[in-house]
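In this text, residue positions in the sequence shown follow the working numbering: the first is -3, and each later residue adds one.
By construction, the Cβ of each residue, glycine as well, lies at the ideal position given by its N, Cα and C atoms.
Worksheet: the structure to be examined is printed underneath.
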Amino acid sequence: MRHTASQQPVDVGHQADTFTDWDEELAPTAQGRTHRPERDCPVEVALSAVAGRWTTLVLRELMSGPRGFSELRERLPEVSAKVLSQRLRELGESGLVSVERRRGFPVRSSYALTASGRALRPLLVELYATGERLLALGGGPEGDR
């Protein structure tokens, strides 16, 4: 048996719905007004798209057009073939990169950004600019300690 004083009235909404002081620029819609990371939060979607070591660099290299695996390895000589393959597979699975395989021996693959992948360009540009500002302010991984 529940205590009647502890029962909420039917018309009481969730706590997230009661806040009225949301920063409209940071959370312009209800999808961003969460109290924990949610899969459909636009910020989480964007961060997930660029997450992972080497991901931003692979995306950067594909922004100027399709590239083959060997060309990507030349442009990113420090990444191992295994990691590059993994990143390209993950980007493909998330719908950001498409792959075209050409017949012949050996089989040649060409990787290109999809429309969703190209939509990440402004984010990458802003991440770079923000990183520069943080570095200038002494921020970043070593700053503010």
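Local conformation of residue i per DSSP, three classes
i: Gly100; result: coil
i: Ser60; result: coil
i: Ala23; result: coil
i: Ala115; result: coil
Within 8 angstroms, strictly: CB atoms of residue i and residue j
i: Leu116; j: Val46; result: yes
i: Val95; j: Ser105; result: yes
Rounded separation between residue i and residue j - CA only
i: Ser44; j: Gly100; result: 35 angstroms
i: Ser81; j: Gly64; result: 11 angstroms
i: Leu55; j: Ser112; result: 11 angstroms
i: Glu28; j: Asp17; result: Looking at the sequence provided, one finds Gly at residue 28 rather than Glu. Rounded to whole angstroms, Gly28 to Asp17 spans 13 angstroms at the Cα level.
i: Glu20; j: Glu34; result: 18 angstroms
i: Glu145; j: Gly135; result: A question about residue 145 goes unanswered here, because the residues of the chain that appear run from -3 up to 141.
i: Leu68; j: Gly127; result: 24 angstroms
i: Tyr37; j: Leu87; result: Per the sequence presented here, residue 37 reads as Cys, with Tyr not at that position. Roughly 19 angstroms separates the two Cα atoms.
i: Leu143; j: Ala26; result: The chain is shown only over -3 to 141; residue 143 falls outside these bounds and no answer can be derived.
i: Glu70; j: Val103; result: 18 angstroms
i: Ala125; j: Leu131; result: 10 angstroms
Rounded distance between the beta-carbons of residue j and residue i, thought under 8 angstroms
i: Arg83; j: Gly48; result: 6 angstroms
i: Thr51; j: Leu120; result: No, Thr51 and Leu120 are not in contact; Cβ-Cβ is about 10 angstroms, not under 8 angstroms.
### Task
Quick one: which unbroken beta strand (DSSP E) runs of 3-plus residues sit fully inside the region 31 to 97? Chain order, please.
none
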